[in-house]
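Each residue of the sequence shown is one higher than the last, beginning at 1030 in our numbering.
Worksheet: one structure, shown below.
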Amino acid sequence: MPAAASAATWRERDAELIAAAYHRYSDLVVESAQGAHLHTVDGRDVLDFGCGIGVTNLGHGHPAVVAAVHEQVDRLWHTSVTAHHPKMIEAGAALVSILPPSLDQVFFTNSGAEAVEGAMKLARRATGRSDIIAFVGGFHGRTYGALSLTASKAAYRRGMGPLLPGIHHIRYPYCFRYCSHTADDVCDLVERELQLLFSTTTAPETVAAIIVEPVQGEGGYIVPPATFMPMLRQVCDEHGILLVADEVQSGFGRTGKMFAVEHTRVEPDIMCLAKALGNGMPIAAMVAGHRVMGAFREGEHGTTYGGNAVACAAVVAVIETMTRDRIPERAERLGRHVMERARGWQTDVQALADVRGLGMMIGLEFLQAGAPATRLVERIATNALARGLLLLSCGIDGNVIRLIPPLTIPESELDAGLDILETAIREETAA
Ligand SMILES: Cc1ncc(COP(=O)(O)O)c(C=O)c1O
């Protein structure tokens, strides 16, 4: 097929050849990208406020990452476990240097779901216990173990069962939905659910881990009350349960700190990382302290591609760039600006019911007549895309717009995107 084929022709070929399972947020056919811009085969230049679902935090084609990858491509791609290679060790050292101090060992994987699978196995192996507690609205991936934790949309599970036994779900502290008074009420509610679970369903001494997103992503960009993570830490410590933080989406500067757990001063026992770790190179990691990671004896867990040398070169460059350029601080500053602008729209856009976020992980929840405004969010995204801005939705009802532009985006481009978003919101809520 000629490279210059039209977008429509590419989409037809896609429909023939590629599994229909992929849910696509747009019908753009992208042939190149730079910074916050996607360039399509039919000549469109679209601002990217989705970052390939929270992956390209440094923007597309960041020069330092591109250079590191080019350099490594000519040197060494792959050894797997046939040998050691320096890039994997350098990537491990770079990662450990930015992690909470108690997390000092790394297991590299290829995807977030695999990191989650590893965390589940490690938690069981380290505690000798079977059960795992996860949260309604949580998203942890689509492989069987991860899917058994995922509870953000029933469609992900339909026809796939039976899933892994021993998984229990309790509600996440989604204050906007569940709470009538102060934010702390909702944390009490979650604690009560946990205690009820322990007294009725699974004794705490059978629980290996609680796995939690420190800011819930796919479930609606929900920022929990400050008391939530310390409460989980305390419950885990009391009962010898491991606390697993899934920072696949919230990690690497997105929330205004390198990791979202840093906002809470809680150190988890295991962390799952992916997405922005390689800024688009497929690499992920499960990290833990020596004591916990040591529960895996040699050969008990493994991977062929995890820790691939080219992907590890990207990791080293990503971490060096994020640290040198103070990317988390930038996310915090830009995020405050986005929140201020979006909160301003609330004064006269009634359907914009909640604006919430941490750093540049920001959710706009829409309601109409008290109900989730799923169709409105679809219309806003379509309107914005026609004007040159790609937006992603999220939330258990799909009624939340998530704003996750690159953390390197110039202020002028950020404002240009927000101008488009504001116009789209005003037009569609007036319609
Ligand atoms: C919090 C979280 N965990 C795990 C995953 C799964 O990652 P992957 O799609 O790389 O398997 C995702 C993906 O969106 C995620 O947001």
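Each residue gets a CB set at the ideal place from its N, CA and C atoms; glycine is no exception.
Buried or exposed: residue i, going by 16 or more other Cβ atoms within 10 Å of its Cβ?
i: residue 1045; result: exposed
i: residue 1180; result: buried
i: residue 1207; result: exposed
i: residue 1189; result: exposed
i: residue 1160; result: buried
i: residue 1063; result: exposed
i: residue 1377; result: exposed
i: residue 1247; result: buried
i: residue 1250; result: buried
i: residue 1101; result: buried
Does the Cβ of residue i lie closer than 6 Å to at least one heavy atom of ligand 1?
i: residue 1422; result: no
i: residue 1168; result: yes
i: residue 1140; result: yes
i: residue 1417; result: no
i: residue 1278; result: yes
i: residue 1303; result: yes
i: residue 1246; result: yes
i: residue 1291; result: no
i: residue 1071; result: no
i: residue 1377; result: no
i: residue 1383; result: no
i: residue 1275; result: yes
i: residue 1242; result: yes
Below 7 Å between beta carbons: does that hold for residue i and residue j?
i: residue 1237; j: residue 1156; result: yes
i: residue 1321; j: residue 1298; result: yes
i: residue 1272; j: residue 1239; result: yes
i: residue 1277; j: residue 1120; result: no
i: residue 1316; j: residue 1132; result: yes
i: residue 1201; j: residue 1164; result: yes
i: residue 1086; j: residue 1313; result: no
i: residue 1223; j: residue 1196; result: no
Can you check whether the C-beta of residue i is within less than 7 Å of a C-beta belonging to chain D?
i: residue 1215; result: Given the protein chain composition of this structure (a single chain), no chain D is represented.
Just to check my reading of the structure: residue i and residue j have Cβ atoms closer than 8 Å, yes? What is that Cβ distance to the nearest angstrom?
i: residue 1135; j: residue 1151; result: Rounded, the Cβ-Cβ distance is 12 Å, inconsistent with contact.
i: residue 1318; j: residue 1302; result: Actually they do not touch by this definition, with Cβ atoms about 15 Å apart.
i: residue 1274; j: residue 1243; result: 6 Å
i: residue 1357; j: residue 1065; result: With a Cβ gap of about 18 Å, residue 1357 and residue 1065 do not count as contacting.
i: residue 1075; j: residue 1057; result: 6 Å
Regarding residue i and ligand 2, is the C-beta to nearest heavy atom distance less than 6 Å?
i: residue 1146; result: In the structure shown, ligand 2 is absent; the only ligands present are ligand 1.
Is the number of C-beta pairs between the segment 1278-1288 and the segment 1102-1114 that are closer than 8 Å three or more?
Taking 8 Å as the limit for Cβ pairs, the verdict is that the segment 1102-1114 does not touch the segment 1278-1288.
Do the segment 1363-1376 and the segment 1141-1150 meet, that is, are 3 or more Cβ pairs less than 8 Å apart?
Segments in contact, no.
Can we say the segment 1322-1330 touches the segment 1397-1413, given the rule of at least three CB pairs closer than 8 Å?
Output reads no: the segment 1397-1413 does not touch the segment 1322-1330.
Counting pairs of beta carbons, one from the segment 1183-1200 and one from the segment 1255-1270, are three or more of them closer than 8 Å?
Using a Cβ-Cβ distance cut-off of 8 Å, the segment 1183-1200 and the segment 1255-1270 are not in contact, since fewer than three pairs of beta carbons, one from each stretch, lie closer than that value.
Determine contact between the segment 1329-1342 and the segment 1419-1433, defined as no fewer than three beta-carbon pairs at a distance below 8 Å.
Counting Cβ pairs under 8 Å, fewer than three are found: no touch.
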